[in-house]
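Residue numbers (numbering that gives the first Met the number 0), protein chains in the order written: chain X, 0 to 345; chain F, 0 to 345; chain A, 0 to 345; chain Z, 0 to 345.
We treat Cβ as the ideally placed atom computed from N, Cα and C, and that holds for glycine.
Fair warning: this is a prediction, and the values are worked out from it, not measured in the lab.
Here is the structure we will look at, set down as structure tokens.
Number of protein chains: 4
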Amino acid sequence: MNTFGKNLTLTTFGESHGPAIGGVIDGFPPRIAIDTDRIQAELDRRRPGQSHITTSRREADRVRILSGMLDGITTGTPIGFIIENADQHSADYSELASTFRPSHADFTYQQKYGIRDHRGGGRSSARETATRVVGGAFCRQLLETRGITIAARTIQVGNIKALNETADPESNIVRCADPDAAKEMIELIERIKAQGDTIGGIIACRITGLPAGIGDPLFDRLNSRLGAAMLTIPAVKGVEFGMGFDGCARRGSEMIDEFSTAPDGSVITLTNNSGGIQGGISNGMPVEFRVGFKPVATLLRDVNTIDSAGRHVTLHARGRHDPCVLPRAVPVVEAMAALTLADLMH
Amino acid sequence: MNTFGKNLTLTTFGESHGPAIGGVIDGFPPRIAIDTDRIQAELDRRRPGQSHITTSRREADRVRILSGMLDGITTGTPIGFIIENADQHSADYSELASTFRPSHADFTYQQKYGIRDHRGGGRSSARETATRVVGGAFCRQLLETRGITIAARTIQVGNIKALNETADPESNIVRCADPDAAKEMIELIERIKAQGDTIGGIIACRITGLPAGIGDPLFDRLNSRLGAAMLTIPAVKGVEFGMGFDGCARRGSEMIDEFSTAPDGSVITLTNNSGGIQGGISNGMPVEFRVGFKPVATLLRDVNTIDSAGRHVTLHARGRHDPCVLPRAVPVVEAMAALTLADLMH
Amino acid sequence: MNTFGKNLTLTTFGESHGPAIGGVIDGFPPRIAIDTDRIQAELDRRRPGQSHITTSRREADRVRILSGMLDGITTGTPIGFIIENADQHSADYSELASTFRPSHADFTYQQKYGIRDHRGGGRSSARETATRVVGGAFCRQLLETRGITIAARTIQVGNIKALNETADPESNIVRCADPDAAKEMIELIERIKAQGDTIGGIIACRITGLPAGIGDPLFDRLNSRLGAAMLTIPAVKGVEFGMGFDGCARRGSEMIDEFSTAPDGSVITLTNNSGGIQGGISNGMPVEFRVGFKPVATLLRDVNTIDSAGRHVTLHARGRHDPCVLPRAVPVVEAMAALTLADLMH
Amino acid sequence: MNTFGKNLTLTTFGESHGPAIGGVIDGFPPRIAIDTDRIQAELDRRRPGQSHITTSRREADRVRILSGMLDGITTGTPIGFIIENADQHSADYSELASTFRPSHADFTYQQKYGIRDHRGGGRSSARETATRVVGGAFCRQLLETRGITIAARTIQVGNIKALNETADPESNIVRCADPDAAKEMIELIERIKAQGDTIGGIIACRITGLPAGIGDPLFDRLNSRLGAAMLTIPAVKGVEFGMGFDGCARRGSEMIDEFSTAPDGSVITLTNNSGGIQGGISNGMPVEFRVGFKPVATLLRDVNTIDSAGRHVTLHARGRHDPCVLPRAVPVVEAMAALTLADLMH
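Rendered as structure tokens:
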């Protein structure tokens, strides 16, 4: 189903090569002033063609808000919006009508539905994440009214890791806070792209200002809800919180976060191995998690595969694709985090 | 909220030191023959006191099924069940009424609710996972009627990793398929326990027989739903699918799973880096994922912390706890996977 | 599915002739003092055998609360409860294993599930409403902390209508506020019962103290949610709000509720034809609605019907049944209203 | 919230005087051929200005489908659509920015949200039902593939009742199957309109071809779900099934529907007092229910009311309104029934 959230929800629709994509934000509180230029600015961070290391598909990605606001203020009624599709090269995809690209959703959609829109991946295209960015951008402004900020950044591409994070990640096109690593990452992506290949990596996200008490015990734990949200992003294969998998090798005595009090009397922990979450509920410390993206499966080289009749064929892949999705996925990670928090805090 | 699932659901209740815990399974199909001895057998795998490396709390954990069956067959109506609590040492916990154990849910529950049942962790106790095992045991039998099996195993404790997985994981008390590693893991847990400390690790799970087409695009992807389920288990800090985080450093050309056809004509992939899921939907190959558990935070040694008035105090921890939760978490991982699949396939 | 509500939910289970019925209340706020004697008192109002005009089945209907409370105060965790079944005359029902009682759920359950618990109607028995009364009794106490009261009463049995409502409806066994009509209703039910027949009627419900602004536009309108709740009660065939069907014959100029202000400055309406709801949202006036109950279908006389093989048979009905459900349905109407409001106000 | 349904859902957005209204249909099955001309034809039945007894607002109400279909066939992905607003006389409504129309949602929205779009009722305008008609039109075509038909008709306007239903209700502008009554109803509406007044009435709906077994016990009973759907339609104040409120005065022996078998061996009932539903589940007979509409509250005459400061004012109502909503509500009743059934049968 295409609705995210329980109380504050985003419902989305639209195929990569249909007339438009769009969505409905429901349960958004009334009387929140929304800066629509900032909504568009978030979309621009995800926009294809924003740099030479992203896909060359050109979409203006202008969002048109259709309801739910009066004179720049939300009214509490649902916010409908659409983004028209423009630069559709549907002809690029005729070969795919009867061929399954390896590690794409072509085969699984066909198995599930018995029909699929093969043009540009149809609904399985990452293009749908644009609608999530719109929803997240509304939620970000809502969360800001409560002092909550969400910031993601690229921390690994291939084997290149950010070590010395001193810069604004928005200061470079790969969105990495380590300027030296950023330079290496960009060069790696350029090489990978020249080879018609792709590369994966890791994005880290940090939420600050979140009060203690957010998240529910058992089945709506903050980590479960955030993790589920991240695992809905195309190409994500893993998510970890706080010390994550590394912490699994450790002893309890190394890992517990000792409580103390801040000068203002508030309860803090001296370390944050828990990543701001204990028992599934925020403890007031920053929430920290990491999201692993596999290399996307679209290679601009010949690939062996099968067609819908089970015959072995060679696919001469064309189309326009991202050699590395991480730069454009940073705003998507933030958007999904914002949607999750706004829903849980509703 | 305490309901898991959308179409086939488990709703649970109960505190560690209340009179009973229990649950309701709703949406379970009619006319499924259920072997209730096997339900109990699953509970026994999770039971405290099952070996010298688990907590010494003694609970018979006998499940009493109250509805939804007629002569051993499900009727399609909700299945209610309870498990009476027996071995409650509530006096062990009087100190905790006003003290927050580090890295436990004491502080976060207090912040969220302004009240908490401090006895044995109350609702935040992992004791509630017994009700999930009951729900999962019903679903396992349902899935078996469709040829689906779910098997989890311990693959890492501390820094000891299973490398040569040749044995039945149920053949040793740590539930590891590498007999040599199992021996080392048990020795490590014995040492850790003697020190009043705890240790984390990793559980792997494999689902076979799942047909292609399970999972929904976008927000109910199979990996998102399974990942969310795992992240609801106490102490879980990470989850990854297929090649997981390791695959994030790779190139697309290394990672794509080439399609082929099996002798029976069915579509297979020659590798399974995707872990059986593409575009959020199962592709018919085995589903593979790993779940990282932090070391539990209950140390049987003095710990510095604060009380509810913000005063620094030393906590003289008592009670009965697991030095390593992994052996008892294996059936919980399986149960949550079974609940997730039964819900998605409903 | 067996869960009522979205944010504050009641999930129920149990068959008429199984070992026990019960439920789970989830989302109930923490720190609410609950008088458990009053929970039991509500159950006693619904209890079979409470007077000579109700069924002679004898059930103590003692509720056992298993979780969610500490020292008489709710903790915010789910409230599990069970009611053991005692007086089961299952032998009375052997004839029904293969025969469909007219206008009962025997046939429809068999069609839906291919299996049914025929003993006493199984899950379709009105016995399950006892669990709703428990859930409603908790919610009533929650609503009282906000000054909201819910009171239902019998206003019609057969063709006898309450006209002069001056008494406490709890002062007579038919729960009617018109003492003269109550006397006639009781006599009618006695005659009907002697004939092995049954009779229908109408219950009215009034909610006071509800603030303006409760209910959501569109699909969660207060009248839709209350109406849906009433239509889940066995034997209910109609529901109407304010002037209801009678108002449908009127002109707008007769029906609009003119606004004015009360001495305390609050907005009121001079009439209440809308029944306290405008645009699906409460307007601060009392909410008024009526619920129509058909005569129950269980006749203590021979009835022509068919069996599961389609053969015409005569059913010699036995068992113990209510000649008129209204007296015992009054607390069920209140319970469902309380559950609905507590959920919407959550 | 603005989503209807659980498995097959309609999410809607849009204000009366915003740029557009629209919605998303999710969970619609793949591989269903959709005749989009018939979608538009349903909208035309609801269109304002279709006859001299409806509002004179002129809207082409052209639906634009944005996703979820490929070459006239559904793909299983969400169906997004919009309807642009055209004939907005927003200036007509300036007086309403600070004045509450009696028996409208102006006051309740203001109380709930602290802000409202006063132009044409904003979200509370019945204009939003156009999106429901689109959703229902898709579901109608889906249900037709299973042999299910839904037909509603006007049976009462004011005190004029249809008695001799022999004609196609679509053959006259009031949509009544009794030609003589239809003539009287139209004359009554003309008189009422000339007086600036409004009038209520009753719509009946009949569902044929529904197999036995649809609807769930307890909280998703077919009557509850249909009733809830009807009570979400603006101006609806009552709903009843089968014999409805009239049957509440009857005896069980008069009301039970005796089973028999049809020549083809299928189980039927000799009467249909239950309206096709027993125990909340369809029994294979036609489903019959009636929906009561109050007279709409917008009078084209001076009305006494209060403004947002609590001052008594006279409202000089303008705008364009329906003297009787029933003719245009007939397709809305059908649409909500279609959405309900498609969801329950999913």
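Exposed or buried, what is residue i when buried is set at 16 or more other beta-carbons lying within 10 Å of its beta-carbon?
i	result
G75 (chain A)	buried
L325 (chain F)	buried
D34 (chain Z)	exposed
L162 (chain Z)	exposed
T268 (chain A)	buried
D70 (chain Z)	exposed
H16 (chain X)	buried
T144 (chain Z)	exposed
H103 (chain X)	buried
Please report the distance separating the alpha-carbon of residue i from that of residue j.
i	j	result
A261 (chain F)	M254 (chain F)	21 Å
R249 (chain F)	F3 (chain X)	30 Å
P101 (chain A)	L95 (chain A)	11 Å
Y349 (chain Z)	G212 (chain A)	Limits of chain Z in this structure are 0 at one end and 345 at the other, which puts residue 349 (chain Z) out of reach.
N6 (chain F)	I52 (chain Z)	46 Å
I24 (chain A)	D116 (chain F)	17 Å
I172 (chain Z)	P178 (chain Z)	11 Å
R319 (chain F)	I20 (chain F)	19 Å
C138 (chain Z)	R190 (chain Z)	37 Å
R310 (chain F)	D321 (chain F)	28 Å
Under 9 Å between beta-carbons, which chain A residues line up against residue i? List them in chain order, please.
i	result
C204 (chain Z)	Within 9 Å Cβ-Cβ: nothing; C204 (chain Z) doesn't reach chain A, min ~14 Å.
I81 (chain F)	A19, G21, L65, G79 and I81
R30 (chain F)	Y112, G113 and I114
Given a cut-off of 7 Å, decide if residue j and residue i are closer than it, judged by their beta-carbon atoms.
i	j	result
V332 (chain F)	I198 (chain F)	no
G135 (chain A)	A328 (chain A)	no
T313 (chain F)	F99 (chain F)	no
F27 (chain A)	T73 (chain A)	yes
L230 (chain F)	N222 (chain X)	yes
L340 (chain Z)	S281 (chain Z)	no
S307 (chain X)	S97 (chain X)	yes
D60 (chain F)	R46 (chain F)	yes
I81 (chain F)	R63 (chain F)	yes
P330 (chain A)	E41 (chain A)	yes
G237 (chain A)	G291 (chain A)	yes
I185 (chain X)	V286 (chain X)	no
C204 (chain X)	F288 (chain X)	yes
P29 (chain X)	A125 (chain X)	no
From the DSSP output, read off the bridge partner residues of residue i.
i	result
V238 (chain Z)	A:V238 and Z:V290
I185 (chain F)	Partner(s): none; I185 (chain F) has no beta bridge.
M68 (chain X)	X:T73
C175 (chain A)	A:T153
T8 (chain A)	A:D25
Chain A partners of residue i, CB-CB under 8 Å?
i	result
A211 (chain Z)	F106, T107, Q110 and K111
Identify the contact partners of residue i in chain F, using a Cβ-Cβ distance below 7 Å as the criterion.
i	result
D116 (chain A)	L69 and T74
At a CB-CB cut-off below 8 Å, which residues of chain F make contact with residue i?
i	result
H415 (chain X)	With chain X running from 0 to 345 in the structure shown, residue 415 (chain X) is simply not present.
Who are the neighbours of residue i on chain Z, taking C-beta pairs under 9 Å?
i	result
M0 (chain X)	N6, T8, D25, G26 and P77
K192 (chain A)	Correct list: empty, because the minimum Cβ distance to chain Z is about 11 Å.
For residue i, go through chain Z and note every residue whose CB falls closer than 8 Å to its CB, in chain order.
i	result
P47 (chain X)	The contacting residues do not exist; P47 (chain X) stays about 19 Å from chain Z at best.
For residue i, go through chain Z and note every residue whose CB falls closer than 7 Å to its CB, in chain order.
i	result
V133 (chain A)	Those do not exist, as V133 (chain A) stays about 15 Å from chain Z at its closest Cβ, beyond 7 Å.
Given that residue i touches chain X, what residues does it touch there, using C-beta distances under 8 Å?
i	result
P216 (chain F)	N1, A104, Y108, R122 and S123
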